[in-house]
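If you read the sequences in order, they're chains A and B. So for the first sequence, our numbering puts the first residue at 1; every next one is plus one. So for the second sequence, our numbering puts the first residue at 1001; every next one is plus one. We put the CB at the ideal spot given by N, CA and C, even for glycine. This report concerns only the one structure given below.
2 protein chains.
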Amino acid sequence: MAIDRDSVLKAAVGVLSRQPTAHLDEIARAAGISRATLHRIFPGRDALIREVGLLALRKYNAALDTAAIEDGDAQLALRRLAEVLVPDAALCAFLAGENQLFDDPELCALWENQDARVRALFLRGQQEGVFRIELSASWLSEAFFDLLAGVGWAVQDGRLAPRDSAFALIELFLGGALRRTSTS
Amino acid sequence: MAIDRDSVLKAAVGVLSRQPTAHLDEIARAAGISRATLHRIFPGRDALIREVGLLALRKYNAALDTAAIEDGDAQLALRRLAEVLVPDAALCAFLAGENQLFDDPELCALWENQDARVRALFLRGQQEGVFRIELSASWLSEAFFDLLAGVGWAVQDGRLAPRDSAFALIELFLGGALRRTSTS
DNA sequence: CTCATCTGAGACATCCATGTCTCAGATGAG
DNA sequence: CTCATCTGAGACATGGATGTCTCAGATGAG
Chain A
1 MAIDRDSVLK AAVGVLSRQP TAHLDEIARA AGISRATLHR IFPGRDALIR EVGLLALRKY
61 NAALDTAAIE DGDAQLALRR LAEVLVPDAA LCAFLAGENQ LFDDPELCAL WENQDARVRA
121 LFLRGQQEGV FRIELSASWL SEAFFDLLAG VGWAVQDGRL APRDSAFALI ELFLGGALRR
181 TSTS
Chain B
1001 MAIDRDSVLK AAVGVLSRQP TAHLDEIARA AGISRATLHR IFPGRDALIR EVGLLALRKY
1061 NAALDTAAIE DGDAQLALRR LAEVLVPDAA LCAFLAGENQ LFDDPELCAL WENQDARVRA
1121 LFLRGQQEGV FRIELSASWL SEAFFDLLAG VGWAVQDGRL APRDSAFALI ELFLGGALRR
1181 TSTS
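Written out as structure tokens, the structure reads:
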């Protein structure tokens, strides 16, 4: 039963990250179950959306722990974080597209807590002289998440190869688009 | 009358870029008119969304022309483009969040045409040795747009000062988050 | 096999946004 | 002032997604 919940949530992410207004029929079909069974697992649409949001935030938080972003060199910590997050980029794309989620105080608090950890990572990196100080830590955090969501969308639509996605994200975010003529 | 259309569209962008599922009531209120008048200007919700999409694409295209992205140094061309686009970042945020728009063949063709111009800009920059070749031109194009939409959201929610937005976008995208220790 | 449980299909009822209409008040030109 | 036009408020019908229910068939343990 618990396995069913997770597989349904996973399927829901695949649909909702691209089409936040998808009907429950489509979500059920994507999960390989009927609309009736979907209703048996989740009381309603709102509950389903909320569960997906919780899953996304849990995975995000787990990624912060796995990557141990509070430890070691800030740049390496961010690289670890990207490697861990990219496989679940679709979840971040879902979070980015489902703004209604932030009406929920609990989800909002979870998000704020986790975003603070990421901001702290960038602030630490700035203090260590690793990250640029001309760009605020909050903007770096937000931009990192925007690009992560973008990776999720691009992979889902087949515009970006999953194997290239971590490289594309971290290289663009860390190094930018300009060729470093001074170091070549 | 034509002035009314534009002001309504402008208000609609402000609402829809943050909440793509906003009711027509909210849009009408945001525009300072009644739902009845909104219906008099636009036949229905679909028509309104489509008009906003067309406006966004027209502005985007005008920005490409104004910035003359086909001329001169690729980096400078991109900087000009960012400067011109940032004031209308909310429109790009709307485009990014309204995936349903791309069911329309006309809008889809317009987008594809304009995105091709941006991709060509990056390809040119890569050939000139300005942009990195490890990242594909299409990914650079997509990431640029993702960050642009992110700027739009951040400004709308008050997380980013409008005056800083162009700098934040172009500096992060071109130079990345890393401090350039080798050049300092 | 037998029975309990789960599932899918379908038939409803319900809710809500949308679309349409009317009418009274406001606006503005003459 | 007078009339034409526009607007806002509200009532009303409509459509579609959602939520609930039933029932027959499938599954699976004993």
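- With respect to chain B, the C-beta atom of G150 of chain A has a partner C-beta closer than 8 Å.
- DSSP places F131 of chain A within a strand segment (E or B) once states are collapsed to three.
- Only G97, N99, Q100 from the stretch 94 to 121 of chain A bring a Cβ to less than 8 Å from some Cβ of chain B.
- The Cβ neighbour count for C108 of chain A, taken over all protein chains shown within 10 Å, is under 16; the residue is labelled exposed.
- Contacts between V130 of chain A and chain B, judged by CB atoms closer than 8 Å, involve L1178, R1179 in chain order.
- Three or more pairs of CB atoms, one per stretch, sit closer than 8 Å, so the stretch 1125 to 1132 of chain B contacts the stretch 1069 to 1078 of chain B.
- Cα atoms of D88 of chain A and L78 of chain A: separation of roughly 16 Å, rounded to the nearest angstrom.
- For Q1019 of chain B, the neighbours in chain A by C-beta distance under 9 Å run, in chain order, N99, Q100.
- Distance between E1026 of chain B and E1134 of chain B, taken at the CA atoms: about 45 Å.
- Taking 8 Å as the cut-off, the Cβ atoms of S141 of chain A and D103 of chain A do not count as close.
- In the DSSP annotation of this structure, the continuous segment of the alpha helix (DSSP H) that includes S1165 of chain B starts and ends at 1162 to 1175.
- Chain-ordered, the chain A residues with CB closer than 8 Å to the CB of Q1075 of chain B read L178.
- Interface residue (Cβ-Cβ distance to chain A less than 8 Å): A1082 of chain B is not classified as such.
- Between F173 of chain A and F145 of chain A the beta-carbon gap is near 10 Å, outside 8 Å, which marks them as no contact.
- Taking 8 Å as the CB threshold, G1175 of chain B lines the interface with chain A.
- When beta bridges are read from the DSSP output, L1178 of chain B appears opposite A:F131.
- When only Cα atoms are considered, H1039 of chain B and L9 of chain A end up about 38 Å apart.
- By a beta-carbon distance limit of 8 Å, L1024 of chain B does not contact R1050 of chain B. Their separation comes to about 14 Å.
- For S138 of chain A, the enclosing alpha helix (DSSP H) has its first and last residue at 137 to 156.
- Nearest C-alpha to R1179 of chain B among A:L169, A:A166, A:P162, A:L123: A:L123.
- Residue burial annotation: S1017 of chain B is buried, with at least 16 other C-beta atoms found within 10 angstroms of its C-beta.
- The CB of E1142 of chain B comes closer than 8 Å to the CB of G150, A154, R159, L160 in chain A, given here in chain order.
- For V1084 of chain B, the enclosing alpha helix (DSSP H) covers residues 1074 to 1085.
- DSSP places I41 of chain A inside the alpha helix (DSSP H), whose first and last residues are 35 to 41.
- Straight-line measurement puts the Cα of A68 of chain A at about 39 Å from the Cα of T37 of chain A.
- Only residues of its own chain outside the window of five on either side were considered, and among them A1082, V1086, L1147, L1148, V1151 have a CB closer than 7 Å to the CB of L1169 of chain B, listed in chain order.
- The closest CA to that of S1138 of chain B, considering only A:V118, A:A177, A:N113, A:Q100, is found on A:A177.
- Here P20 of chain A is actually not in contact with G125 of chain A; their C-beta atoms are around 33 Å apart, not less than 8 Å.
- Apart from sequence neighbours up to five positions away, the residues of its chain that approach L1101 of chain B with a beta-carbon distance below 6 Å are G1053, L1107, ordered along the chain.
- Contact with chain A is found for E1171 of chain B, since one of that chain's Cβ atoms lies less than 8 Å from the residue's Cβ.
- Contact between F1094 of chain B and A1047 of chain B is absent: CB atoms are separated by about 16 Å, not below the 8 Å threshold.
- Just measuring C-alpha positions, the residue of A:W111, A:A90, A:G175 sitting nearest D157 of chain A is A:A90.
- Under the Cβ criterion of 8 Å, E1134 of chain B is counted among the residues facing chain A.
- In the three-state scheme derived from DSSP, where H, G and I count as helix and E and B as strand, E98 of chain A is classed as coil.
- The closest CA to that of D1006 of chain B, considering only B:F1167, B:S1034, B:P1162, B:F1042, is found on B:F1042.
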